[in-house]
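Numbering (my numbering), first residue to last: 217 to 372.
No residue lacks a Cβ here, since even glycine has one placed at the ideal position from N, Cα and C.
To start, the structure itself, in structure tokens.
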């Protein structure tokens, strides 16, 4: 289990996340712990969490997160999260103000990365991470966070 030791690399994050999640098969608890671990590991972020697809409402609903209160629903195809989910595409947005239709839940957010979560061809939701710094997210973050999503998918 995670012991609050500083994590220095994505490889260490992946090992800690896998160990943390294997102890519990409850989706909500696992996503809550994943967001807390990511918040602990990632520097210069102001929000990290999940939006989960609600089949009945056909929209993304706020899930476990770390940060300020957030938008509770996002329409599929709207904003960075809804667009990433709809197209099953990863988005790195260097300046959220430049993204057409960006949904500003926190005016302090300047950049964002969103990774869709699909399992067995079914859309589960997205991992959304915001930063108060422009151009915060790089290729190493995209690659490292892809593996984070792969680990999470084993436990949801």
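Shown here, residue 334 sits in a strand according to DSSP, grouped into three states.
Annotation for residue 233: 250, 253, 364, 367 place their beta carbon closer than 7 Å to its own, counting only its chain and skipping 5 residues before and after. Inter-segment contact for the region 289-306 and the region 340-349 is present: three or more beta-carbon pairs are separated by less than 8 Å.
Residue state for residue 368 is assigned as helix, using DSSP reduced to three classes. Here the C-alpha atom of residue 291 lies approximately 21 Å from the C-alpha atom of residue 326. Fewer than three Cβ pairs drawn from the region 347-366 and the region 265-276 lie within less than 8 Å of each other, which leaves the two stretches out of contact. Residue 372 and residue 243 do touch by the CB rule: their CB atoms are close to 5 Å apart, below 8 Å. In the three-state DSSP reduction, residue 327 falls in the strand class (E or B). The beta carbon of residue 334 sits closer than 7 Å to the beta carbons of 304, 340 from its chain, once the five residues preceding and following it are set aside; these are given in chain order.
Taken atom to atom, the span from the alpha-carbon of residue 313 to that of residue 369 is near 31 Å. Residue 257 is positioned such that its CB atom lies closer than 9 Å to that of residue 223. Secondary structure of residue 289 (DSSP, three-state): strand. Ranking 281, 289, 283 by CA distance to the CA of residue 275 puts 289 first. The DSSP assignment places 295-303 as complete runs of the alpha helix (DSSP H) inside the region 250-320, in order along the chain (cut-off: 4 residues). Closest in C-alpha terms to residue 324, from the list 247, 315, 349, comes 349. Judged by DSSP in its simplified three-state form, residue 234 adopts helix.
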